[in-house]
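Participant: This is the structure I want to talk about, given as structure tokens.
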Amino acid sequence: MDWSDRIGRRIKLRDLHILLAVAQTGSMSKAAKDLSVSHPVISKVVSDLERTLGVRLIDRGHHGAEPTVYGRELLKHGLAAFDELRQGVKAIEFLSDPTVGELRIGGPDPMLAGLIPALISRLSRQYPRLAFDVTLVAPGLAQYRALRDREFELLIGRIPRSFADDDINVEILYDEPLLVAVGAKNRWLRRREIELSELIDEPWVLPHAESVPGPLIAELFHAAGLNVPSAAVIASSLQMNDALLASGQFLAFYPGSVLRLGGKQPMIKTLPVRLPAQRTPVGIATLKNRLISPVAQLFIGCAQDMARSLDLGSPAR
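In terms of the working numbering, the sequence shown is residues 216 to 532.
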């Protein structure tokens with residue numbers, strides 16, 4: 216298939232935009248209404264695309280219009296093209312006025328409770344006209360799927376130790392320690408030094424065993440020669456942990472950056488517990504084949520500076 220003759224001169228961004236509208240609405244009529252064009256225009260654009268590519272892109276039936284496997288593949292790359300174009304426009308806007316721009320960020324709950332708001336606060340003081348769109352994502356492989364689907368430009372979170380994906384670039388910021396935390400009224404705060412074994416029978420708030428922090432916490436107990444204690448409460452929400460620990464009764468593990476940066480000092484305190492060495496790298500992930508906007512570059516630089524200046528932990532290499 217010759218690009219110049221069959222593709223480059225015949226497929227326009229407007230055509231892909233119309234195809235996307237049909238796929239999203241499930242109807243040519245609805246797409247026509249949303250785009251303020253006539254139904255025949257929609258039908259002709261889709262038919263012309265199918266003729267150019269030589270495959271059926273949309274299945275038409277009584278239940279509406281649905282993209283075929285070929286249509287889905289074209290739309291996947293079309294979305295990437297739209298995203299790159301949007302990134303290019305943002306870069307031009309930034310070059311004309313480097314104090315303005317928007318950045319879409321993804322991160323799991325611990326990052327949204329500590330590092331990400333700290334970074335946004337620091338950048339916003341210097342560039343008050345920047346805007347940030349932050350998405351809470353489930354930790355694990357799902358967050359990388361969302362990055363590939365371009366739901367956000369960069370992802371901040373724990374990086375798997377064996378991470379190796381050819382299409383994703385990772386900038387490691389620091390090693391994230393897990394620390395034992397209690398409420399400000401907890402009796403264990405009177406101690407200057409505590410062994411983990413002394414806390415085994417205390418009322419723990421622990422995450423679900425199959426969650427991302429679950430195995431990390433289990434490793435800590437096993438490395439200390441202990442079994443994981445029975446949890447008084449099983450929960451994977453830092454907000455719920457905050458409420459439970461505030462009573463002074465419970466103990467929980469918190470990421471170090473959440474305790475340092477999340478403004479929890481008056482309510483949540485770190486216990487001086489001897490813990491085995493840990494290696495849980497935190498980093499920023501971006502797509503290798505995607506134009507990184509100037510705002511994203513600013514954000515990454517700010518994150519690197521903050522990790523160094525606050526000594527959040529030596530980068531894991």
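Ideal Cβ placement from N, Cα and C applies to all residues, glycine included.
1) Beta-carbon separation of A333 and L476 under 7 Å?
2) Could you pull out every residue in the same chain whose Cβ sits closer than 7 Å to the Cβ of E366, ignoring the five residues on either side in sequence?
3) Please state whether DSSP places V256 in a helix, a strand or coil.
4) Buried or exposed, going by whether 16 or more other CB atoms sit within 10 Å of the CB of Q454?
5) Sort out for me which residues DSSP pairs R373 with in a bridge.
6) Which runs of the beta strand (DSSP E), 3 residues or longer, sit entirely within the segment 381-433?
7) So, with DSSP's three-state summary, where would you put H509?
8) Can at least three beta-carbon pairs, one atom from the segment 285-302 and one from the segment 234-249, be found at a separation below 8 Å?
9) Grab me the residues of M243's own chain with a C-beta within less than 7 Å of its C-beta, minus the 5 sequence neighbours each way, in chain order.
10) So F436 and V427 are in contact, right, with Cβ under 8 Å, and what is the actual spacing, rounded?
11) Does A535 pass the burial test, meaning 16 or more other C-beta atoms within 10 Å, or should it be called exposed?
12) Among A522, I383, G355 and I432, whose alpha-carbon lies nearest the alpha-carbon of N504?
13) Here's the rule: buried if 16 or more other CB atoms are within 10 angstroms of the residue's CB, otherwise exposed. What is D371?
14) Comparing alpha-carbon positions, which option in K245, D526, L234 and P481 lies nearest L388?
15) Among residues of its own chain, excluding the 5 on either side of E386, which ones have a beta-carbon nearer than 7 Å to its beta-carbon?
16) Verify the CB distance criterion: does G471 have a CB-CB separation below 7 Å to chain D?
17) When the Cα of V420 is compared with those of E434, R406 and L459, which residue comes out closest?
18) Nearest-angstrom Cα distance between A531 and G471?
19) Can you give me the start and stop residues for the alpha helix (DSSP H) that L466 sits inside?
20) Near I190, what residues of its chain come up, given a Cβ to Cβ distance below 6 Å and the 5 sequence neighbours on each side ignored?
Facilitator: Taking the structure as given:
1) yes
2) G321 and T350
3) helix
4) Looking at its Cβ environment, which holds fewer than 16 other Cβ atoms inside 10 Å, Q454 is exposed.
5) V497
6) Counting whole runs of 3 or more residues, the segment 381-433 contains the beta strand (DSSP E) stretches 383-390, 393-398 and 419-421.
7) It should be noted that the sequence gives Pro, not His, for residue 509. Reduced to three states, the DSSP call for P509 is helix.
8) yes
9) V237, H254, I257, S258 and A280
10) That pair is no contact at about 17 Å.
11) The requested residue 535 is not part of the displayed model; the chain covers only 216 to 532.
12) I383
13) The sequence given here has Ile at residue 371, not Asp. With 16 or more Cβ atoms within 10 Å of its Cβ, I371 is classed as buried.
14) D526
15) G498, I499 and I515
16) The question asks about chain D, but that chain is absent: this structure has only one protein chain.
17) L459
18) For A531, the predicted model reports a pLDDT of 42, less than 50, meaning its position is unreliable and no value from the coordinates is stated.
19) No alpha helix (DSSP H) holds L466; the beta strand (DSSP E) holding it covers L466 to P470.
20) Past the boundaries of the shown model lies residue 190; the chain is included only from 216 to 532, so the question cannot be answered.
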